[in-house]
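Below is one structure, written out as structure tokens; the observations come after it.
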Amino acid sequence: MSITYLEAIREAQCKVLRDDPRVFLYGQDIGTFGGAFKATKNLAKEFPGRVLDAPISEDAIVGVAVGAAVEGMRPIVEMQFADFSVCGFNQIVNQAATLFYRTSTPCPIVVRLPYGGTSGGGPFHSQSVEALYAHYPGLVVMTPATVEDAYSMLIDAVAIDDPVVFCEHKFLYYHLKAAGLPQEALPVGKARLAREGRDATIVTYGAMLHESLAAAEEIAEDGYDLEVVDLRTVKPLDTDTILGSVARTGRLLVVSEAWPWGGVAAEVIARVVAEGFELLDAPPQRLNAKDTPVPYHPNLWTAHRPTAQAVVQAARRLLEL
Amino acid sequence: MSITYLEAIREAQCKVLRDDPRVFLYGQDIGTFGGAFKATKNLAKEFPGRVLDAPISEDAIVGVAVGAAVEGMRPIVEMQFADFSVCGFNQIVNQAATLFYRTSTPCPIVVRLPYGGTSGGGPFHSQSVEALYAHYPGLVVMTPATVEDAYSMLIDAVAIDDPVVFCEHKFLYYHLKAAGLPQEALPVGKARLAREGRDATIVTYGAMLHESLAAAEEIAEDGYDLEVVDLRTVKPLDTDTILGSVARTGRLLVVSEAWPWGGVAAEVIARVVAEGFELLDAPPQRLNAKDTPVPYHPNLWTAHRPTAQAVVQAARRLLEL
Amino acid sequence: MSSSSSSANLAMRVSKELYLKTFRIMLQARVLEEKLASLYRGGMIKGGVFLGRGQEALSAALGVHLRPGDIYAPLIRDQAGRMAFGDTALDTFRTYLGSQLGSMRGRDGNIHRGRPSEGYYAMISHLGAMIPVVVGALMARRFRGETGVVGATCIGDGGTSTGAFHEGLNAAAVEKVPLVLVISNNQYAYSTPNHRQFACESLADKAAGYGVAVHKVDGVDLEDCLAGLGKAVDAARQGGGPQLVIGEILRLVGHGEHDDFSYLNQALKNEPFAKDCLAAAEAKLAEMGWASAEECLAWRKEYMAEYDALAARVQREPAPDPAEESWDALSETALVDGKQNS
Amino acid sequence: MSSSSSSANLAMRVSKELYLKTFRIMLQARVLEEKLASLYRGGMIKGGVFLGRGQEALSAALGVHLRPGDIYAPLIRDQAGRMAFGDTALDTFRTYLGSQLGSMRGRDGNIHRGRPSEGYYAMISHLGAMIPVVVGALMARRFRGETGVVGATCIGDGGTSTGAFHEGLNAAAVEKVPLVLVISNNQYAYSTPNHRQFACESLADKAAGYGVAVHKVDGVDLEDCLAGLGKAVDAARQGGGPQLVIGEILRLVGHGEHDDFSYLNQALKNEPFAKDCLAAAEAKLAEMGWASAEECLAWRKEYMAEYDALAARVQREPAPDPAEESWDALSETALVDGKQNS
Ligand SMILES: Cc1ncc(C[n+]2csc(CCOP(=O)(O)OP(=O)(O)O)c2C)c(N)n1
Ligand SMILES: Cc1ncc(C[n+]2csc(CCOP(=O)(O)OP(=O)(O)O)c2C)c(N)n1
Ligand SMILES: [Mg+2]
Ligand SMILES: [Mg+2]
């Protein structure tokens, strides 16, 4: 039996609905229909009255979740696409994210964001928005890259007393498969060594983990051994694990599907150089998508986002520096 | 005769209204009332029908500006506070910022954002949001730090054929004064050497320029000579000028009032290390606000944001590294 | 709409007890706000001061109809409603003066105070944003099987233009939650008059578009406010779904104490809604023989003395100390960025 | 609301010429969309395909009443309106098939196409977002002294729940611009039925809350659509301010071609609004003696042949080449980040 990344997300929601009466789901088309991607398939039937279709009102959807959380519930909100979450941006960053700091009242909501590029998605169904949310204080931002993490981190997210922005990568939904659901998991906030190596460190997350791993395999044919760190959560960011890896390899490449200006890649590099400058044998590099909207046509999209090929090139350049 | 930062903004708007019939102003309370900060004082009277009060609809305000721009106007939009611009976030980042890329139709709008902390402002009237907008492709993000730049850059902003997010720092509105309006200015996108020095470079912008300059003066008493670079625009970012300075000093401190995760400071450092690693004699450092909402009480606020004293401390640490 | 009572009409639609109780809360709010204004002028308050002068009847009438266990998310001008719901003068001063002992501990200020865990929500500045939050809170109560609970929140004429107002009220209607949403049409949003804010004849015309019940009240007549809000709160409590209440009033002060209100269209002062609701209620008390002008004055003096003393006491309380702050925005300190491994 | 014509009523409210012209556009849109669906099933289109089947009458009736110089911002299901406004089958295929020669050059796709500089706006996906844009465009025309211009845009039943819809329509009302906003109530937003979307009795009840004129049309009756839209567009053109038009219809296909529409409540199929507007119009043509079934079939075949040929041609056109792209999001290339000094 194998399970996809998407099914893992469904299973995690099924489990928390079963185990915790405080959990309910709220989002567009998530009821009988099971969601635009089927991440809530059959859940409305299995848990009557606890999986609710919402109007096309992203701002109200998040506001509703916050109010319910204040009253002791554990809402999970689904945005149909991460790109539409900006219509609920205010409630996420100003209502949910400030509540605990201002009032000592915890705000345990989970906002699920199907994010990232897929072929033909275009400018409004492909965005990577993790940096927007990570920039604001008061939010935990998760970016699971594996089936196992999609499952266990979503369960963690519901247990956390603070608002969690759960970025689930659409590109992985159907493609990525695992043998089964995990029994145990790393703690939240801990990055994972996805591949051990000695010549350079690639720090990455989400769909780019798989491009990076493929790149590492290809480069291995040249005799280079790349270490790959999967961040898992981009806020908090596990600087220690990154520094530990850079201490071993002396070289750093950060790969992110987001736009270049000021995202995860910049943040990782700024931390590594501030705290681990002397560990570096070469200037740390980053590889991002291009600084334009995400194009619709597959040809353009493939050139816009980092691919395994682009990672190979960037890593080769880094190794030669 | 002296002129404040705020008056310079008013004068710039007066000039573009006078010189360019395509310009109109749209925003809450900017008509007869002259705006919450009086940045449009008397303009409704001087330019009848061209300075319009808007409903409390940030999303529509920006949408209106985009439509007018498509039809050949040059709207300037005032958000009452930058913090409320997130209610119009979608129109800024998805409508205005993508228009040219998608359709080849330019979108010459200016969105004025009174931003940054002031004493007693609290969590929702103090935010620095430049990083949100700079992260998205398709926007120019200006952060003038001087009276002269407030004036000339706003005039530039209106002339630019692309959407400009104009971050004007509220802390500078009344305090900062100059002898008069400038006759000439640096080109858009060019950073300015605000102070020459040899021992370390401080890169900064907005209100933090003045904290940094004050810190440089204080540290000068110890015999250290700090160079201070005022970014002026944070997107595009003038990497060349920064690298030029770091080449002279070998040390870099980036000071920003924004939250720490992934903002201007991270971006500047990531660029400097990627392109100028060998110029650095010490790990580049950054100084940001703390990672919480901006507190209301003056005591807390002063501790939350970087002050001249904090810059002095950070610079001293850097000089000792 | 029930028009305000004429002096001939001595048969009141509300009890003496309720009227008097609410009047005294209005008076407390008025006196307290006068003290806040004077502290502001004296430079004792660092942030802004936004007063509810002229809106006490509408605001308090909502607050007195709520019960412990209900949810209340007041807005800018609801000092009276807050006091009716149980907020104290002490915490008001503590918050405005930035005492460390205040409910917001100096982290947030003035009108943003609240105690969400007690059903008393702390507004964010972004107008309209509290509406869906109350809707969600009511959905939570329903999930838990609680009935007879009401959630109330307020909005200004200007706030009705926000997308949040629309989405929030629509969500309430779809979910049929017991929301009472009070619109205080005080004719201005900061300096912006109604005709630059909306084009409907009456804000009450909005109700049909959401499929919610609507009540118009005379916002300067305490009796009508009490009767109208009573009906609305009861209807919500009894399962009648969302209730929209519209009160016409005039803001009797500037937007904030920094604002001289020079843009006020003087003609509005002659409108019936421009009356001072507190003075009108006081006159009514005398007319009904429920309280004399002397008694009212005595109450006023009592409150003044009380608030003077409270303010003096609070000013001696410690300010928040940055060194004692955790500077964490998360409740799960283990997940604070940079601290998760320490 | 004018009810749809009965077969007894041979006095049509619109001219033969207009009816026939619009019918042919509807038919073109239908045939073109059938081709798109078949290309989709053949895996030739990479993104989604969202069809307007069943909505052609309402959509085309708006488009035919617009003139060059007007502004039109169509939505998801407006293939017919687009063609009526002058969009070509060629550019439609180019955009769906990602030809480099299409108006969007492969940068954006399918329903997002447009040519803003020609008054034909290119929607973003975020529902409601085009409404204020059209309002601003109309304000620009007024600034320039142009009169007699109309701006039109469309929204679904689901889209009415967005804050953008509310803020945009309110801004239009305050500015009294000549906006025609057509709500196609096709009973579903993706899978979500009306009762989970709003609680008003009719979406037409929203108009009073904004202070705008309202028109109900029978969305499956071409004559009524033409008459109703004609009135609305004329009223806007003549200075009557914003016009809200509501048409009741049923989406006759899934949300997109990936969607099997299994959630359709079968009872709705018996509702009057579930009729196929194209078949109804064809029957009417025969009844009026304006065109026979044979003629209609001939037209259909003509369009099919034309579109088959066009699609084949476009499939041989070059795809966008990443190497030829400037990869700049700004028109001012000197200001592109990283290039400003080069
Ligand atoms: C979304 C948003 N935009 C702008 C503001 C700034 N602002 C604060 S109060 C106010 C006017 C509010 O007017 P109204 O809703 O009528 O309430 P009133 O002050 O009259 O009680 C404005 C524009 C805000 N708080 N929120
Ligand atoms: C703000 C926003 N949220 C979510 C979506 C995703 N979405 C695309 S179409 C759609 C349903 C639209 O329904 P309706 O407005 O009734 O139009 P219809 O498809 O029925 O023509 C949804 C939810 C979106 N495009 N924009
Ligand atoms: Mg008001
Ligand atoms: Mg629909």
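Residue numbers (our numbering), protein chains in the order written: chain A, 1 to 321; chain B, 1001 to 1321; chain C, 2001 to 2342; chain D, 3001 to 3342.
Beta carbons are placed, not taken as given, at the ideal position from N, Cα and C, and that holds for glycine.
Cβ closer than 7 Å: which chain C residues qualify as neighbours of residue i?
i, result
"E71(A)", "A2137, A2140, R2141"
"S57(A)", "E2167, N2170, A2171"
Mapping the DSSP letters down to three states, classify residue i as helix, strand or coil.
i, result
"A1145(B)", "coil"
"Q3079(D)", "helix"
"Y1136(B)", "coil"
"E1221(B)", "coil"
"Q309(A)", "helix"
"F1033(B)", "coil"
"A1207(B)", "helix"
"Y115(A)", "strand"
"F24(A)", "strand"
"V95(A)", "The sequence as given places Gln at residue 95(A); Val does not occur at that position. Note: Q95(A) maps to helix in three-state DSSP."
"A2213(C)", "strand"
"Q183(A)", "coil"
"A3305(D)", "helix"
"I952(B)", "Past the edges of chain B, shown from 1001 to 1321, lies residue 952(B), and the structure says nothing about it."
For residue i, which residues in chain B fall below 7 Å Cβ to Cβ?
i, result
"I2124(C)", "F1124"
Any C-beta of chain A sitting closer than 8 Å to the C-beta of residue i?
i, result
"G1263(B)", "yes"
"A3319(D)", "yes"
"F1166(B)", "no"
"V1273(B)", "yes"
"G3042(D)", "no"
By DSSP's criteria, residue i is part of a beta bridge. Which residues make up the other side?
i, result
"A2193(C)", "Residue identity check: residue 2193(C) is Pro in the sequence provided, not Ala. Beta-bridge pairing links P2193(C) to Y2188(C)."
"H2065(C)", "In DSSP, H2065(C) forms no bridge with anything."
"I1076(B)", "L1025(B), V1110(B)"
"A3152(D)", "Y3072(D), V3180(D)"
"C167(A)", "L113(A)"
List, in order along the chain, the chain D residues whose C-beta lies closer than 7 Å to that of residue i?
i, result
"Y2190(C)", "Chain D residues near Y2190(C): none, gap ~16 Å exceeds 7 Å."
"R2196(C)", "V3174"
For a cutoff of 8 Å on Cβ pairs, would you count residue i as touching chain C?
i, result
"F81(A)", "no"
"N1288(B)", "no"
"T40(A)", "no"
"S3006(D)", "The predicted position of S3006(D) is uncertain, since its pLDDT is 44 and thus under 50; a value taken from the coordinates is nonetheless stated next. Closer than 8 Å: no."
At least one CB of chain B closer than 8 Å to the CB of residue i: is that the case?
i, result
"G3086(D)", "no"
"S2342(C)", "Annotation note: pLDDT 39 at S2342(C) (below 50); position unreliable, no value reported."
"G3338(D)", "yes"
"Y205(A)", "no"
Output, in chain order, the set of chain A residues within a Cβ distance shorter than 7 Å of residue i.
i, result
"C1087(B)", "N90"
Please report whether the beta-carbon of residue i lies at a distance below 8 Å from any beta-carbon of chain D.
i, result
"G1985(C)", "Past the boundaries of the shown model lies residue 1985(C); chain C is included only from 2001 to 2342, so the question cannot be answered."
"K2206(C)", "yes"
"E2248(C)", "no"
Am I right that residue i and residue j are in contact with their C-beta atoms under 8 Å? What's the rounded C-beta distance?
i, j, result
"E1278(B)", "T1239(B)", "15 Å between Cβ atoms; not a contact."
"A1012(B)", "I1155(B)", "5 Å"
"H105(A)", "L113(A)", "Sequence check: residue 105(A) is Thr here, not His. That belief does not hold up - the Cβ atoms of T105(A) and L113(A) are roughly 24 Å apart, past 8 Å."
Since residue i meets chain B, which of its residues come closer than 9 Å, beta carbon to beta carbon?
i, result
"D3108(D)", "T1098, Y1101, R1102, T1103"
How would you list, in chain order, the residues of chain A whose beta-carbon sits under 8 Å from the beta-carbon of residue i?
i, result
"E3257(D)", "Within 8 Å Cβ-Cβ: nothing; E3257(D) doesn't reach chain A, min ~13 Å."
"M2104(C)", "R102, T103"
Give a yes or no on whether the minimum CB-CB distance between residue i and chain G is below 8 Å.
i, result
"S3184(D)", "In the displayed structure, chain G is absent; the protein chains listed are A, B, C and D."
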